[in-house]
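The structure appears right after this line, and notes come after that.
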């Protein structure tokens, strides 16, 4: 009879363990509650069950109950609670004090390690390090945990220093040791240390371990580039899903997202079933490529593997289709998500905000009604493209939720009001904001002042900014350019360099435009030399376009052609600038040839391009070519000529062509000709001395 009680407790404890291992937690709890006699093992088993399932509330209640009943927690009790991810930091400090008082924190390596891991999860690295330093005995798990915490927080030097300490301690390294330390390496600066660790892993014979190999692939991807990562990947013979996910992730976020899709296809053909991480990396690649075909291919595999209801994957697909302007598909993916969260809603809002501000407002209301509270990203996405009435409606909602004090939301409001021409409202938000002005907000308002001709206001605001960024300088330089303060613009450029602010494309565009306006070839050439000297990205299309325009208008056609020919990519503005430059220099035939070459390259001309080529024809009297271009403009490209196009063609025909054709052209205009057109026609008549022969009734303009 005396031995029956321990047997009963032993039986019930094992029964609880059995139910928990099968996932029947409620049944296990029922057995626990019905036990006539409980012991520490009973409590530890249930506490461990709850902590493994992140139910810290129930675990904490049992911890308090066992202490109230006189049971002393053991090292297993403390370790289980410390290991619960949902444990609050205050509860963690309480457990630390209790375990220290009972002597388990430092006496038992298991408890100490669990404690420092808990502090690490909450970002309390100093507290974790204090526990580590005070532990009299540390095993390999303890060392790996502390190294891993430093690595996770990005403390590379501390991580390497502790790893070196571990080496000196003569404790035999494990694969986890290398995985922990390699997790710290994120940049090119860490490459040398990463390569040294690679050599050390080879020395210890751990490179054959797939977890170490995966960490090396990841390290090379972040620190050395895709080529080195792929080389390491090819050396891994025992690849697992993590190996594939790592290399796909490297390419998905690197310079060759197309390669990530190829690797995904190869992995799938090799029989590996993708998981959430695989799909997210693949979708990221498709989104970066904005490639609908690849995206739909990945989507089909997602559906086949029944991941379409996954919130993270569904949200990524919403974002992908939105980027591809397939809002119907984006909406369908959104509807398939079972557990819609803030990320899902924000992806859909961002998609609609780029095309339909009204729809995005309706979605915002629906989101709030579903119980999801919008954040700064939600409001910023919706606000950016709203018309005035709906903008004011959302502004009221922003005020109601307190997000008007958020820098990003208030900046979005100011920008949107300014775009809608509501300058007073934009300025009102800026001046009414109770928070200190940020550089971003100051830049927005300075831009408003600039566009409204209030240049001195922009300058005053610039002087109040404590740490102006490149955008601040660019706005002020642009303001000086618009105001005709050219000397001051270049003085600002000088001060900007003295403050170690590197000029960007917008800086050079503003300054080169000044040179163009002043027809100052020397100054423009010096700016060009400065860009070359400082290895500025001379392939920037916007800068090259204004350089061509500047050289063309300042008399250096050879330089304009040279800049154009050296451009790796060109748009319609590039071609228009060159055609215009050739026309200004009397090279009409070459201008027409370049225009035709632009068409053959698949670039469709716009109204400005046609204006440039028609002007080039007028300068040298290319009547046939000019009329061909004029007809092509209407017939081939369905571009309706404007008054300025008719003026150029009338002037060309009146000077060099048949005046009767000019009469017919003017008579067929869809709008009344202006005084300039009549003047060109009369000048042509005067040259050909036939004005009295024309019956066209010229009315006063």
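In my numbering, the protein residues as written are 4 to 704. We put the beta carbon where it would ideally sit given N, CA and C, even for glycine.
Near residue i, which residues of its chain fall below 8 Å by C-beta distance, leaving aside the five closest residues on each side in sequence?
i, result
"residue 397", "364, 367, 382, 385, 386, 389"
"residue 472", "442, 446, 504"
"residue 57", "87, 88, 89"
"residue 293", "326, 327"
"residue 696", "Residue placement at residue 696 cannot be trusted, given a pLDDT of 47 that sits under 50; the coordinates are not used to answer."
"residue 239", "213, 216, 217, 220, 246"
"residue 34", "15, 18, 19, 22"
Please name the residue, chosen from the options, that lies closest to residue i on a Cα-to-Cα basis.
i, options, result
"residue 607", "161, 641, 628", "641"
"residue 205", "181, 228, 491, 146", "181"
"residue 548", "668, 513, 664", "513"
"residue 616", "605, 655, 638", "655"
"residue 322", "336, 118, 511", "336"
"residue 550", "530, 466, 537", "530"
"residue 248", "101, 217, 37", "217"
"residue 308", "452, 274, 334", "274"
"residue 244", "220, 265, 270", "270"
"residue 131", "610, 140, 144, 116", "116"
"residue 465", "499, 435, 490, 508", "499"
"residue 119", "84, 502, 105", "84"
"residue 469", "502, 455, 458", "502"
Spatial neighbours of residue i within its chain, please: C-beta separation below 7 Å, excluding the five flanking residues on both sides.
i, result
"residue 154", "162, 183, 184, 186, 187"
"residue 591", "619, 620, 622, 623, 625"
"residue 52", "23, 28, 31"
"residue 495", "476, 479, 480, 483"
"residue 553", "515, 518, 519, 527"
"residue 406", "379, 382, 412"
"residue 157", "187, 189"
For residue i, which residues from the same chain have a beta carbon less than 6 Å from its beta carbon, with the 5 sequence-adjacent residues on both sides left out?
i, result
"residue 690", "none"
"residue 493", "none"
"residue 526", "518"
"residue 1", "Only positions 4 to 704 of the chain appear in the structure, and residue 1 is not among them; the question remains open."
"residue 166", "150, 184"
Report buried or exposed for residue i, applying the criterion of at least 16 other Cβ atoms within 10 angstroms of its Cβ.
i, result
"residue 202", "exposed"
"residue 231", "buried"
"residue 704", "Because the pLDDT at residue 704 is just 43, under 50, the model does not fix this residue reliably, and the value given afterwards should be weighed accordingly. Burial call: exposed."
"residue 19", "buried"
"residue 111", "buried"
"residue 638", "exposed"
"residue 331", "exposed"
"residue 258", "exposed"
"residue 677", "exposed"
"residue 15", "buried"
"residue 5", "Model confidence at residue 5 stands at a pLDDT of 43, short of 50, so the residue's coordinates are unreliable; what they give is reported in the following sentence. By the neighbour-count rule (16 or more Cβ atoms within 10 Å), residue 5 is not buried but exposed."
"residue 420", "buried"
"residue 628", "buried"
"residue 148", "buried"
"residue 373", "exposed"
"residue 427", "exposed"
"residue 589", "exposed"
Under the assumption that residue i contacts residue j (Cβ atoms under 8 Å), give the Cβ distance between them as a whole number of angstroms.
i, j, result
"residue 376", "residue 350", "Not quite, the Cβ-Cβ distance comes to about 16 Å (not below 8 Å), so this is no contact."
"residue 189", "residue 225", "5 Å"
"residue 277", "residue 304", "7 Å"
"residue 315", "residue 279", "6 Å"
"residue 300", "residue 281", "Not confirmed; about 14 Å, so no contact."
"residue 47", "residue 79", "5 Å"
"residue 416", "residue 401", "7 Å"
"residue 114", "residue 107", "5 Å"
"residue 524", "residue 555", "About 11 Å; that fails the 8 Å criterion."
"residue 128", "residue 146", "Going by Cβ atoms, the distance from residue 128 to residue 146 rounds to 15 Å, so no, they are not a contact pair."
"residue 253", "residue 229", "6 Å"
"residue 581", "residue 597", "6 Å"
"residue 414", "residue 462", "In fact, because the Cβ distance is near 21 Å, the residues do not count as touching under 8 Å."
"residue 670", "residue 650", "With a Cβ gap of about 16 Å, residue 670 and residue 650 do not count as contacting."
"residue 345", "residue 312", "Actually they are not in contact, since the Cβ atoms of residue 345 and residue 312 sit about 17 Å apart, beyond 8 Å."
"residue 264", "residue 297", "5 Å"
In chain order, which alpha helix (DSSP H) runs of at least 4 residues are fully inside the segment 638-699?
For secondary structure counted as the alpha helix (DSSP H) over 4 or more consecutive residues, the segment 638-699 holds these complete runs in sequence order: 646-659, 662-670, 678-691.
Give, in chain order, every unbroken run of the beta strand (DSSP E) that is at least 3 residues long and sits entirely within the segment 462-507.
Entirely contained in the segment 462-507, not one beta strand (DSSP E) run reaches 3 residues.
Report the residue ranges of all alpha helix (DSSP H) runs contained in full by the segment 280-340; include only those spanning at least 4 residues, in chain order.
Within the segment 280-340, the complete alpha helix (DSSP H) runs of at least 4 residues are 295-307, 314-326, 330-339.
Could you name each continuous alpha helix (DSSP H) segment of 4 residues or more that falls completely within the segment 143-203, going from the start of the chain to the end?
Those alpha helix (DSSP H) runs which fall completely within the segment 143-203 and span 4+ residues are 143-155, 159-171, 178-185.
Please give me, in chain order, every unbroken run of the beta strand (DSSP E) with length at least 3 that falls completely inside the segment 7-51.
Runs of the beta strand (DSSP E) inside the segment 7-51: none found.
Segments of 4+ residues assigned as alpha helix (DSSP H) that fall wholly inside the segment 573-646
With a minimum length of 4 residues, the continuous alpha helix (DSSP H) runs that stay inside the segment 573-646 are 575-587, 591-603, 610-623, 626-638.
Runs of 4 residues minimum, wholly inside the segment 233-271: which ones carry the alpha helix (DSSP H) assignment?
For the segment 233-271, whole alpha helix (DSSP H) runs of length 4 or above, ordered along the chain, are 244-255.
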